[in-house]
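Read the structure below first, then the notes.
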Amino acid sequence: MRRVHADALVFVTSRGKPQSRRNALRALHAAGDAASLNGDGREPVGLHDLRHSYVANLLESGGSLAEAASLARHANARVTATIHAGLTEDGRAAATARLTATGFGR
C-alpha cells in the first residue's frame, strides 16, 4: 500500500486513517439523499462530483484558472478551462453584472 501524508487525505476515519472508498460513498450517498440530490432518475452524487463542485466554486469565487488547475492537479489550465467552461446560473448573472458595471454593451 502506498503511503500518503495524513494532511493529503480528504476522507478519514475517526482515527485519522484513510477511509475506504465504499464507506466514503455510503456517507456521500446518504448526504445526497438528505439534500434531495439523488433520485428521480439521476445518478447518485459521486466522489468526482465533489471535485467538480470544488473547482467550480473556486473559480466562481474569484480564484484564478491557474490556482484551480493546480489544486485540482490537472496537467495544465487548458484542461481545467475545458472541463469547467460552463458557468452556473449565478455565475452567469455575476459575470453579466460585472460587464454591465464596466459599461460593456452600452
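Residue numbering for the sequence shown follows our numbering, starting at -19 and increasing by one per position. Note that CB positions come from ideal geometry on N, CA and C, so glycine has one too. Owing to the predicted nature of the structure, the values given are computational and were not obtained by experimental measurement.
Runs of the beta strand (DSSP E) spanning 3 or more residues and lying entirely within the region 6 to 50 do not occur at all. Contact annotation: Ala65 and Ala57 have beta-carbon atoms that are not nearer than 7 Å. Around the CB of Gly19, fewer than 16 other CB atoms lie within 10 Å, so the residue is classed as exposed. Looking at the DSSP output, Val(-10) bridges to nothing. With a cut-off of 8 Å on Cβ pairs, the region 38 to 45 is not in contact with the region 10 to 29, counting fewer than three such pairs.
Less than 7 Å separates the beta-carbon of Phe(-9) from that of Ala4.
Thr76 counts as exposed, since fewer than 16 other C-beta atoms from the protein chains shown sit within 10 angstroms of its C-beta.
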